[in-house]
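Novice: This is the structure I have questions about; it appears just below.
2 protein chains.
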Amino acid sequence: MMSPQVTLKTISKYTGFSVTTVSRALTGYNDVAKETREIILAAANKLGYYPNLTARQLQKQRNDTIGLILPTYGPRFNDPYFSELIAGIGNQLSNFGMSLLLSVQAPGPDEISAYRHMVEGKRVDGLIVVRTRNEDERIKYLLTTSLPFVVFGRSNIGTSFNFIDEDGEAGVYELTEYLISLGHKRIGFISAPFNLMFANYRLEGYRKALIDHGIDFNLQYVYEGDLTRKGGELGAKKLLSLAEKPTAILASNDLMALSAMSSAQEIGLTIGKDLSIAGFDDIPPSDVFSLTTLRQPIYHIGCLLSSMLYKLIQNETLDEPQVLLKPQLIIRNSTGERLVD
Amino acid sequence: MMSPQVTLKTISKYTGFSVTTVSRALTGYNDVAKETREIILAAANKLGYYPNLTARQLQKQRNDTIGLILPTYGPRFNDPYFSELIAGIGNQLSNFGMSLLLSVQAPGPDEISAYRHMVEGKRVDGLIVVRTRNEDERIKYLLTTSLPFVVFGRSNIGTSFNFIDEDGEAGVYELTEYLISLGHKRIGFISAPFNLMFANYRLEGYRKALIDHGIDFNLQYVYEGDLTRKGGELGAKKLLSLAEKPTAILASNDLMALSAMSSAQEIGLTIGKDLSIAGFDDIPPSDVFSLTTLRQPIYHIGCLLSSMLYKLIQNETLDEPQVLLKPQLIIRNSTGERLVD
DNA sequence: GAATTTATCCGAAACGTTTCGGATAAATTC
DNA sequence: GAATTTATCCGAAACGTTTCGGATAAATTC
């Protein structure tokens, strides 16, 4: 089936030089005569030689590969940005001549096995962890190994590690403050599931902004959504059925915000007038529907993650081992001055 | 840095049995005494042995890995479904104990190099090609190798190959016919870039449905969009500025449809009444905005691609080497009977 | 009880690289 | 012209597995 493999040995036999010399000629050592090198290069070219990467990896004890395990459930999971994150990671990686080994494994008992497989099977030189959770066991595990890794997101595990995260708290604080400046006092919040770290930071930004401006933080105005359309819809319905209805609603991601927007419209509210709505992510359709939101530079974060990890693998020290990026507030028409009540 | 590697040799020294016996005990050969096996297993356990996958790969000439190269440009590329596709591919793959090596490489001169790297560097047992183009050179290249591969999408290269594709033509045909049945006669079409294969199939479904129902196919009503918000907006503007305005607009993807929807609303049109709009993909926000569309089972397609490729790698023959899946028409409120004109 | 079978084990080679530590012959030095 | 340096090359070992083809001793057969 496979065309017969052309190896160093093939070239060695073909040219009469030893495998050592062929190897050294091909990898550019300077103890090979110019003429010899040319002969060998010509032969390699003619025979169609391409180094066997697996053999090289075994010998060099280096894979030039990093791992990423997507913590994802079945179809229709809510990660509008995994593609973009992967694009950032992958593009940057190829600048370093490295590749990405990707697995998909839903959180659960098999998840750590997937990590062990990559780490202890020595398949990767480093790992990227995404979507951090409370007491994140993946990070705890990796800390017990000596493998370099970087994390997208923070976790409350008591030990420090290298990470990049968006500053969800600062972002939502700014957004909430902006809504308050528009006159809003009753602001609803549709949160992400509380076991996800980012959910807490975003909620905290909201809470702090309220308090700092003398507004009570009232759990009645907080709904724990599931990041999907359904969550936004249920959240909006619940919040809008309160006796004292909110005049603005923040959602922890754009999909829920868009869905809340649509629900509110259905009961006759005009968005940006009767009710202000804002989200988080800036997914492409948000632009279309003029949703005020916070933009995370996901692609850029992917690039940064790769660069950090690459430095760690090269045994360089990071000058910034923990990076917090402030999301950018994008003001559009879904938010406006409080008019009602 | 790295904790000292525990290899078969370590266990061999520790237990006094040869490396051969240790290997055979660990991989379950039946020519090892039960007692011996137990001693070896206990030692492996105690020492924390995990087989070095790279070494195994080299020896077995098998990587248990397949490759996928994402043909993607910088940030904000328009592939709402790459995450979902990858989730499908990856989940299915892990059922087979295989992993996914992923690269990101924009179409262009370096793209084939990325393929050569995986193929000729013997890093993968098979490949998946996505987002097919006219005269797709990636497929042409892979056909010159003996490596198994499957393609998501078709291409006009004159040689047959294994693929799965959604039947865009049949889907759009059905959708167009549906619009015609609602009384629409002037139907605009916002297409994807013509160099992408799927663009042509979708356009063709539209064209055929018109012709079959005695409606002229008029290029004036076709706009070549870029799959982004901008494309939908420009398409809608152009089509709605025609002397004889369309009463319905089809877009080649949901993002352009949603954007067209928003543009039309801005100039005072009521969607589903004054103007019907439909898309293709069924991305999550489409549900929110009640967009009529065609749903592709992307996750399922990912699973199928993995299964097909796995069979090929096992040297089994495919009973269905070329699969065409009909997308499902999802009728929502963005389409309705022709009222105007 | 000799011949055969069976259970258990292992040495050596192989997968395709890289690299250490020379070896050899030519060139240079004094 | 002997001693030293330099240019060029290579054998062997190693990375950590798997597997071929036995070897040995015990068990079984007749």
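In order, the protein sequence lines correspond to chains S and L. Position 296 of the first sequence, counting from 1, maps to 296 under our numbering, and the rest follow consecutively. Counting the second sequence from 1 gives a position; our numbering is that position plus 1000. From the three backbone atoms N, C-alpha and C, an ideal C-beta is built for every residue, glycine too.
1) Would L:VAL1130 pass as an interface residue toward chain S - the criterion being a Cβ-Cβ separation below 8 Å?
2) Between which residues of its own chain and L:SER1160 is the CB-CB distance below 6 Å, once the five residues before and five after are set aside?
3) Over what stretch of residues does the alpha helix (DSSP H) that includes S:VAL22 continue unbroken?
4) As a quick exercise: from S:GLY67, S:TYR81, S:GLU135, S:PRO107, pick the residue whose alpha carbon is nearest that of L:LEU1102.
5) Could you tell me which residues DSSP puts in a beta bridge with L:TYR1223?
6) Taking 8 Å as the cut-off, decide whether the C-beta atoms of S:ALA236 and S:ALA264 are in contact.
7) For L:ASN1253, which residues from the same chain have a beta carbon less than 7 Å from its beta carbon, with the 5 sequence-adjacent residues on both sides left out?
8) In this structure, how does DSSP classify L:SER1290 when only helix, strand and coil are distinguished?
9) With 8 Å as the threshold, decide whether the Cβ of L:ILE1011 is near any Cβ in chain S.
10) Taking only the alpha-carbon atoms, compute the straight-line gap between L:ASN1333 and L:LYS1273 and give it to the nearest angstrom.
11) Run the CB neighbour count on L:LYS1311, radius 10 Å, all protein chains shown included, and call it buried at 16 or more, exposed below.
12) Measuring straight from C-alpha to C-alpha, what distance separates L:THR1247 and S:ILE301?
13) What in chain L is Cβ-close to S:ASP287, meaning under 7 Å?
14) Secondary structure at L:ALA1170, three-state DSSP: helix, strand or coil?
15) Given this structure, state the Cα-to-Cα distance separating S:GLY232 from S:ILE190, to the nearest angstrom.
16) With a threshold of 16 other CB atoms inside 10 Å of the CB of L:ILE1011, please say whether the residue is buried or exposed.
17) Go through its chain and collect everything with a Cβ distance to S:ARG123's Cβ below 8 Å, but skip five positions before and after it.
18) Measuring alpha carbon to alpha carbon, tell me which residue in L:LYS1208, L:GLU1137, L:LYS1140 is nearest L:GLY1168.
19) Chain L beta carbons: is any one of them nearer than 8 Å to that of S:MET1?
20) If we cut at 8 Å on Cβ distances, does L:ASN1333 have a partner in chain S?
21) Using C-beta distances below 8 Å, list every residue in its chain close to L:MET1001, excluding the 5 sequence neighbours before and after it, in chain order.
22) Between L:ALA1278 and chain S, is the shortest Cβ-Cβ distance under 8 Å, so that the two count as touching?
23) Note down, in chain order, every chain L residue with its Cβ under 7 Å from the Cβ of S:ALA43.
24) At 4 residues or longer, what runs of the alpha helix (DSSP H) sit wholly inside the stretch 265–327 of chain S?
25) For L:LEU1053, tell me which candidate among L:LEU1275, L:TYR1141, L:SER1099 has the shortest Cα-Cα distance.
26) Does S:GLU316 have its Cβ less than 8 Å from a Cβ in chain L?
27) What's the C-alpha gap between L:GLU1038 and S:PRO327?
28) Check L:ILE1011 in the structure and name its three-state DSSP category.
29) Kindly confirm or deny that the stretch 1172–1192 of chain L and the stretch 1136–1154 of chain L touch, where touching means at least three C-beta pairs closer than 8 Å.
30) Whole-angstrom Cβ separation of L:TYR1115 and L:TYR1141, contact assumed at under 8 Å?
31) If you drop the 5 nearest sequence neighbours on each side, which residues of the same chain put their C-beta closer than 6 Å to that of S:ASN195?
32) Could you tell me the alpha carbon to alpha carbon distance between L:LEU1294 and L:LEU1255, rounded to whole angstroms?
33) Under 8 Å Cβ to Cβ from L:THR1335, same chain only, skipping five residues before and after it: list those, please.
34) Is the shortest distance between the beta-carbon of S:ILE86 and the beta-carbons of chain L less than 8 Å?
35) DSSP three-state call for S:ALA251: helix, strand or coil?
Specialist: Straight from the coordinates:
1) no
2) none
3) Judged by DSSP secondary structure, S:VAL22 falls within the alpha helix (DSSP H) whose first and last residues are 19–26.
4) S:GLY67
5) L:ILE1190
6) yes
7) ALA1192, LEU1227, GLY1279, PHE1280, ASP1281
8) In this structure, L:SER1290 counts as coil in the three-state DSSP scheme.
9) Between L:ILE1011 and chain S, the shortest Cβ-Cβ separation is not below 8 Å.
10) 9 Å
11) buried
12) 43 Å
13) Contacts between S:ASP287 and chain L, judged by CB atoms closer than 7 Å, involve ARG1229 in chain order.
14) helix
15) 7 Å
16) buried
17) Within its own chain, the residues whose Cβ lies closer than 8 Å to the Cβ of S:ARG123, once the five positions on either side in sequence are excluded, are ASN63, THR65, GLY67, LEU101, HIS117, listed in chain order.
18) When only C-alpha atoms are compared, the closest one is L:LYS1208.
19) Per-residue confidence for S:MET1 stands at a pLDDT of 35, beneath the threshold of 50, marking its modelled position as unreliable; the derived number appears in the next sentence. Yes, S:MET1 counts as interfacial toward chain L.
20) no
21) In this prediction, L:MET1001 scores a pLDDT of 34, lower than 50, which makes its location untrustworthy; the coordinate-derived value is nonetheless stated afterwards. Hits under 8 Å: none found.
22) no
23) Here the premise fails: no neighbours, minimum Cβ distance about 16 Å.
24) 284–288, 298–313
25) L:SER1099
26) no
27) 56 Å
28) Correct three-state label for L:ILE1011: helix.
29) no
30) 6 Å
31) Correct list, in chain order: ARG133, ASN134.
32) Rounded to the nearest whole angstrom, the CA to CA distance from L:LEU1294 to L:LEU1255 is 13 Å.
33) Correct list, in chain order: TYR1178, LEU1179, LEU1182, ALA1248, GLY1272, SER1276, ILE1277, ALA1278, THR1292.
34) yes
35) strand
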